[in-house]
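If you're matching positions, the sequence shown starts at 1 in the numbering used here and goes up one per residue.
The C-beta atom is built at its ideal place from N, Cα and C for all residues, glycine as well.
Down below is the structure, laid out as structure tokens.
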Amino acid sequence: MKITSFLKWTFFVGVLFFGLSCKGSGEKIYVIKTSLSQNPQEPQVRAVELFKQIVEEKTAGKVRVEIYPNNQLGNQRDVVEGIQLGTVQMSNCASVLAGFVRELNIFELPFLFENRNHFYAVLDSAIGESLRPAFEKRGFHLLGYFDAGIRHVMTVDKPVNAIGDLKGLKIRTMENPLHLEAFKAFGANPMPMAYGELYTALEQHVIDGAEA
């Protein structure tokens, strides 16, 4: 499998939402049900494991964090809707979130940032902070951003060294209109697909490659 750096310095927004549900008898125990699309070895899950450790320690167990990796609670659209309904309390979400908070679509444009420092500077500035009201208006609470690295394209058997090499390839993208339109413009056949389905689709040649 060939991996080619692509769409450098674009990113997915690692957004965490917060809410509490009461559970248990006697003394109240509050549960933060947390959904993640990544597997337990990935940095996002490890970060939430540290969050769990700190929260449960600081609250003497009165607040419990339950972690569900690998899309156990559903795909990202299901989870975002679950947060609005209160069935899920916290998650990191990628581009699908822009379908709920439209202001985020600006960050989905390819080649938006000059480098990683530029990326950090924007999100740590008044620009990143100014997005909070947009989240609140849709029933979410923004805890912060998570750097997931640069976007790239990986293919099963055809190297992609230039945009023209994407022509005709079936490429997995995230469920975001700007991603779909960008890859159509690059000549590819974009196929929105959940991250958890990606590796099976590559192994079975359902798709020729993926951007992630």
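8 Å Cβ shell around Lys137 - same chain, five flanking residues per side excluded: Within the same chain, Lys137 has no close Cβ partners at all.
Chain-order list of residues whose beta-carbon lies under 6 Å from that of Thr200 (same chain, five-residue window excluded): Correct list: empty, nothing qualifies.
Rounded straight-line distance, which links the Cα of Ala162 to that of Leu104: C-alpha separation (whole angstroms): 27 Å.
Among Val48, Gly99, Phe111, Lys58, the one whose alpha carbon lies nearest that of Gln89: Looking from the CA of Gln89, the closest CA among Val48, Gly99, Phe111, Lys58 belongs to Val48.
Boundaries (first-last residue) of the beta strand (DSSP E) holding Val31: Annotation: the continuous beta strand (DSSP E) that includes Val31 extends over 29–35.
Reduced DSSP category for Gly19 - H, G, I as helix; E, B as strand; rest coil: Note that Gly19 has pLDDT 47, beneath the 50 cutoff, so the model's placement of it is unreliable and the number below is only indicative. Of the three classes helix, strand and coil, the one that applies to Gly19 here is coil, per DSSP.
Segment contact, 8 Å Cβ cut-off, at least three pairs: the segment 108–116 with the segment 165–182: When C-beta atoms of the segment 108–116 are compared with those of the segment 165–182, three or more pairs fall below 8 Å, so the two segments count as touching.
Assigned secondary structure, Ser95 (DSSP; H/G/I helix, E/B strand, else coil): Three-state result, Ser95: helix.
Beta-carbon proximity of Asp208 to Val156, cut-off 7 Å: Yes, Cβ-Cβ distance for Asp208 and Val156 is below 7 Å.
Candidates Gly168, Thr173, Leu131: closest to Leu151 by CA position: Position check: residue 151 holds Arg in this sequence, whereas Leu was assumed. Scanning Gly168, Thr173, Leu131 for the CA closest to the CA of Arg151 turns up Thr173.
Same chain, Cβ closer than 8 Å to Lys62, five either side skipped, listed in chain order: Excluding five sequence positions before and after Lys62, the CB atoms of its chain that fall closer than 8 Å to its own CB belong to Glu27, Lys28, Ile29, Tyr30, given in chain order.
Between the CA atoms of Leu169 and Val206 - distance to the nearest angstrom: Computed Cα separation, rounded: 11 Å.
Beta bridge counterpart(s) of Lys170 as assigned by DSSP: Asn189.
Neighbourhood of Gly82 by C-beta, 6 Å cutoff - its chain only, sequence neighbours within 5 removed: The residues are Val88.
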